[in-house]
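As structure tokens, the structure follows; a few thoughts come after it.
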Amino acid sequence: MTTALDDSPTAPVLDEDLRTARRARGQAILSGGLTAALGVVGTALGLSAIFGEPRHLRIGWLLPLVGVIFDLGPLGGFFVAATGAVSIAVGIYAVGYAQREHWARFPLVMLPLFVAAMLLVPAAGSVTTFLLAWELMAAASLVLVLSEHNREAVRSAGAFYAVMTQLGFAAILLALVVLSAAGGDAFATIAAHTGGISSGTRTAVFLLTLMGFGSKAGLLPLHAWLPRAHPEAPSPVSALMSAAMVNMGIYGFIRIDLQILGPGPHWWGLTLMIFGSVSAVFGVLQASVSTDLKRLLAYSTTENMGLITLALGTATLLSSYGAQQVAAMAMTAALLLILSHAAFKTLGFLAAGSVLAATGLRDLDKLGGLARRMPGTTVMFGIAALGASGLPLGAGFVGEWLLLQSLIHSPHGDNTLLALMMPLSVGAVALTTGLGIAAMVKAFGVGFLARPRSAAAEAAREAPASMLTGMTLAAAACAVFAVAPVLFGPVLKQVLAALPTVGGDAAGPALGGFLRLPGIAGSMAPGLIAVALVIAVLLALGLGRWGARHRPDAVVVPLWACGADSLSSKMQYTATSFAEPLQRVFDNVLQPETDVEVTHFAESQYLVEKVTYKTLLADPVEQRLYAPVVRAVTSWAQWVRRAHPGSVHLYLAYGALGLLIVLVIAR
Amino acid sequence: MSWIGKIRRVGRIVEPADEAPEATAAPPTGVTGSLQLRHVDCGSCNGCELEISGAFSSVYDAERFGARVVASPRHADGLLATGVVTRNMQQPLFNTLNSIPEPRVVIAVGDCAINGGAFAKGYGVVGSVADVIPVDVEVPGCPPTPQQIITALRTVTGR
Amino acid sequence: MSSTTGLSVLSVVATALQVLAVLAGAPLVVGGMRQVRARLEGRAGGGIGQPWRDLRKQMRKQQITPQGTTVVFGLAPAVVAGSTLLIAAIVPLIALGSPLDPAADLFGVVGLLFLGTVALTLAGLDTGTAFGGMGSSREITIAALVEPTILLAVFALSVPGHSANLAAIVSATANHPGQLVSPGSLLAFVALAIVVTAEAGRLPVDNPSTHLELTMIHEAMVLEYAGPKLALVEWASGMRLTVMLALVANLFLPWGIAGAQPSVLAVPIGLVAITVKVAALAGVLATCEVFLAKLRYFRIPELLAGSFLLALLAVTASYFFATPTN
Amino acid sequence: MTQATYNGVLNLAAGAFLLAAVLIVWRRELRAIVVLLAWQGIALAAIPVTEGIYQDDAALITVGVVVLLLRAVALPLLLIRAVGTEPQERRESTPLVNTTASLMITAALTVLAYAVTRPIIALDPSPATRAVPAAFAVILIAVFVMVSRRHAVSQAVGFMMLDNGIAATAFLITAGVPLIVELGASLDVMFAVLVLGLLTGHMRRTFGGTDLDQLRELRG
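Protein chains in written order, with our numbering: chain A, 13 to 679; chain B, 3 to 161; chain C, 42 to 367; chain D, 206 to 425.
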């Protein structure tokens, strides 16, 4: 970590600068270290809650009437541990990042606060505490998103995020108030009295939580804030939001709808499955055509949250049909996907962050050639991309494999609903994987390989050691998920046991060295595949040595330019051109706005002076759904504005009027 | 489908192969019967191109002797040059040759490629292929017949 | 089920034999298909051994590294070949009980296949040439659209055997040949045939013998490869084709394959059987290709959508036609 | 004929029946579409013949043979003649829905058919009724073809697919309809095709093409 100062970009010249630099370094180390320390504490607490007995903590004085109740069970512990693990990597990374980007004091203070708030949410044991922690988390993240508020894009993204997160919070507030009205304040008491909750209340709570938690998890159609806010936030914050905060939405689903209110009726599972698969396909489609590195990652978050929700829905649906064993499989898939997504998304955003710090670029069309200039970061992003694409040796593979297995092994019997849902879901998952591969190949191949497409990318420098260290931790986690998910077997077992309503009491899949499915002749061994693949590749390299003694000496030659002297880097495929076929194939869904305009020379219309090709890929859902709402709200606000002429007396009169009305009513 | 009947009726239309000529140049890598060629038109009148395409057509079928025309010089081990070398094609000819991995042969097809032919005194002409790059095999004729081209190729493939 | 069988020496031998057979046979399959085509065009053809000659020749040529390429470009051929070899070791071609069979089911095999594809597309991008990027973009688009069909077909195949493990599927088909004439498996077969041609880069999706860069898909990615690396790429693509053909053959016509505990006689029989099946399938494929022209690139999604539809029908059919009698 | 082979052949016939419909949606060349229709007719005829052999019922077999003659030979020949007299446009140039989308719609329709016919299967789960969804799917697909195609010939094909589907459903649910009913049905289809043939001929003489959109011009 000490090497961070050596290549911190501000080379101290005057001792004034020296002092400021030293102060900046101190603050960065303090903030990042605090974040990482919180992460360590969180991980330890979470693991102890998973394996030890649940922990209770009641602080009466902190909040009038109800007090603050913390109640950390295996489920909460799981999420606390995941969040903590993410925070460790991010904290270490932030030490270097904050110095390189000259963070102000404010974000430095808010970063640990944000982590603390996120750790509190799953630990909350009562409705009030939950809402308190939730709002704290939302506020802290909002402030952090706005930390580069001098850019216009950041401000608009912040506004978007503020509105949507508050609306979501309103929905959750309503849902939980209804719930506590029916069952009490503490989650434990509610869970004890679920019998007394009417089906109408259950439905209301489910729909409201679907809105609230869905918007936090970035599910369609409430995802719109995510691809705006996550890219605009500073990269460590993006990593925290995209890898940890979105999980809180999933946690809400599991805790409220699956654990407390479950097992829900069929249509709960069906709704979750539909929302999940639609979000997954839409998210990955947007990711595969977006040319902004961080936006691409953000959309891939929507995709993965969709897959997780699909797995949750499958578990709910199957357990509502009594297929507990397969439901347990689906639930395990969901949990594994949550963990692996946290790992590779952290890594992805951190790597994107160090690219941003080194080049100031997020636009893939201008990047390229980083593999030679930032080898460490390139390897890190490669690991993340492999994990996100759900291929073997990638972190996401095992989870998606389990999800597919649970889908194809659902006992349909003579049930039309299952017999229709499962094939369609498999199709959705498959399309998601395919497009995810395309998106990640684009991000890695165009962004990091080939030759630089701009001077900034040409001048890129490797990230400092602290940033690399943070990324290495996340990369190690990715490797574990890819090769030895068996290490997480006990954890998943414990968490699953805490979810009896979704097949927790049935025997889940056995995560041994061989990942076996109970009752089905289905098994897989990621570790063995990895080893065998390495051996096979070495074998292939050996094949390549055949006839080597006849060869002339190897040479390095310029690229084949079809006879011309040299290829300029402008002749390469860019991200836009790479994704163009996909954009054309899916243009009914994406609805791109492209226009080509050709300007001729004045002398003759046969001589073309220049050709401009513009293409705009806006989020169609946003265009169709949000624009009208926003317009309506603005016009209404315009109307209300007329009541604000700015005269203090009038305002006082308003106040008095209000008071009178209240008195009259409350008489 | 009427095509199947046509295929059956036409049968084999390839000319019978006469016995292999003695190899002038040893096959580039010591492996007989495999020669990938990259064709470069240095400034030809396209007569030789017609005959070359004839040599690879169904009737003469140079592929049965292991010769094949490929798209990229990286895949090739022979350069098939036709026509006089014009000024604009001199550098491309160099570049193409240099991007063919060793060992490689250069085959000059047609009188123009060998000695400039009818265009020798042209104003935009650098000279024959041999003036620009070393030539291993020459196929005289204006244009050479597919049979001649195939015979020349067989001296290289040794098949 | 094979996932519980202990290892027998002979099954290990059979697995090793599978890998060797794919290694040695892949160029012959390619050469055979070229030969069939040549004969149907009225030519004599270079003979079945031509690809082997080309391989030997390329292996003796100079190693060339284009300027600015990274290790990705250098390793990609080995990764493609390696993943294909691994698939050859996993799937039941000669005998059922491969020691690696429980390590990866059909989903895993598909994943490994795509791993190879991704490696080559990255290599194409790594060169930084226009054609390389073009080929990669086209290849990855097709791969993305192929994936749903493949997984749905896998689903359809896994319904009768109640498992996606290859040995289980194959043995289930071998035990109940009646399922072969069910609409489900027929539709699945057609769907798989289409996606295999697409994934192997054959007509009508891609023309393996084109010389025009602008019409290339797979070839465009490998334009910069030369000598030994090129040989490895060509070899690997041949092996991919061979393995896919052999897998399709055994999924739908599993006869002659040796059991999980093969006898000394069963292994050579299995070898002969798979050789005959692959040869027959390759011949049929080559014959069909003579009558086909390459599709326009943006008509390919129609083809793949059709195959996706067939796969979906296959699943629905195998769900609903599931007659308890067989 | 054993139970197993009966199942196999019947399922196969139903599958081929459905497959032909899908391919008709897929292809655009009119000639190919008509040929596929003939194949569908063969698959359709196979159903009563199989049942007839299985229940050794001569009448059913006769019905099957008649169906074969009409649906697989006569009607396609008529249509082929209609196509043959086409001057240039031998293919459905621009269907109202593009091929990819219509294939997806076909998938949705088929799944829908499977869903809605579950009760029928539940009534009497015999091999024959298990094949009903395929026949029903063909009906839906046929309607979709008639909706989405411009060309008069493909309209006719859609119409005949519709009738094929209805006939297949009838064969599968009731073990074979009376001969006379089937004959009546097939005959009026034949008349319909003849009328369509005349219509197309007239249209071609009037507009020089059989694109149904041009029928709009008939309005004064």
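A virtual CB, placed ideally from N, CA and C, is assigned to each residue, including glycine. In this text, all values refer to a predicted model and were calculated from it rather than measured experimentally.
Close Cβ partners of residue i (< 6 Å) along its chain, the five nearest in sequence each way excluded
i	result
residue 126 of chain B	88, 89
residue 680 of chain A	Nothing can be reported for residue 680 of chain A, as the shown portion of chain A is limited to 13 through 679.
residue 290 of chain A	232
residue 352 of chain C	190, 193, 194, 232
residue 366 of chain C	With a pLDDT of only 35 at residue 366 of chain C, under 50, the local geometry of the prediction cannot be trusted, and the value read off the model is given with reservation. Counting only Cβ-Cβ distances below 6 Å, and skipping sequence neighbours, we find nothing.
Same chain, Cβ closer than 7 Å to residue i, five either side skipped, listed in chain order
i	result
residue 301 of chain A	591, 594, 595, 602, 629
residue 45 of chain C	For residue 45 of chain C, the predicted structure reports a pLDDT of 42, less than 50, and the residue's modelled location is therefore unreliable. A value from the coordinates is still provided. Same-chain partners within the cutoff: there are none.
residue 124 of chain A	43, 46, 47, 50
residue 444 of chain A	292, 293, 296, 315, 319
residue 167 of chain A	161
residue 51 of chain B	43, 84
residue 202 of chain C	209, 210, 213
Buried or exposed by the 16-neighbour rule on C-beta atoms within 10 Å, applied to residue i
i	result
residue 267 of chain C	buried
residue 102 of chain C	buried
residue 212 of chain D	buried
residue 212 of chain C	buried
residue 170 of chain C	buried
residue 116 of chain A	exposed
residue 270 of chain C	buried
residue 114 of chain C	buried
residue 259 of chain A	buried
residue 6 of chain B	exposed
residue 111 of chain A	buried
residue 663 of chain A	exposed
residue 661 of chain A	exposed
residue 255 of chain D	buried
residue 97 of chain B	buried
residue 31 of chain B	buried
Other residues of its chain near residue i: CB distance less than 8 Å, five sequence neighbours each side excluded
i	result
residue 534 of chain A	417, 421, 528
residue 448 of chain A	296, 299, 300, 312, 315, 400, 401, 402
residue 16 of chain B	60, 61, 62, 63, 66
residue 133 of chain B	87
Residue i - containing alpha helix (DSSP H), residue span
i	result
residue 318 of chain A	305-332
residue 607 of chain A	Residue 607 of chain A -> not in any alpha helix (DSSP H); beta strand (DSSP E) instead, spanning 605-612.
residue 378 of chain D	357-378
residue 189 of chain C	171-202
residue 311 of chain C	307-331
Delimiting residues of the beta strand (DSSP E) encompassing residue i
i	result
residue 38 of chain B	37-43
residue 621 of chain A	620-628
residue 67 of chain A	67-71
- In chain order, which alpha helix (DSSP H) runs of at least 4 residues are fully inside the stretch 240-266 of chain C? 259-262
- Does the stretch 235-255 of chain A touch the stretch 183-201 of chain A, meaning 3 or more C-beta pairs lie closer than 8 Å? no
- Task: Answer yes if the stretch 383-400 of chain A comes into contact with the stretch 128-144 of chain A, meaning at least three C-beta pairs across the two stretches below 8 Å, and no otherwise.
- Result: no
- Continuous beta strand (DSSP E) assignments of at least 3 residues falling wholly in the stretch 204-272 of chain A: none
- Query: Quick one: complete alpha helix (DSSP H) runs, 4+ long, within the stretch 48-87 of chain B?
  - Reply: 49-57
- What runs of the alpha helix (DSSP H), each 4 residues or longer, lie entirely inside the stretch 371-429 of chain A? 382-385, 387-400, 409-420
- Item | Runs of alpha helix (DSSP H) lying entirely within the stretch 60-119 of chain C, each at least 4 residues, in chain order | 91-100
- Query: Can at least three beta-carbon pairs, one atom from the stretch 84-104 of chain C and one from the stretch 449-462 of chain A, be found at a separation below 8 Å?
  - Reply: no
- Item | Start-end ranges of the alpha helix (DSSP H) lying completely within the stretch 623-676 of chain A, minimum 4 residues | 639-653
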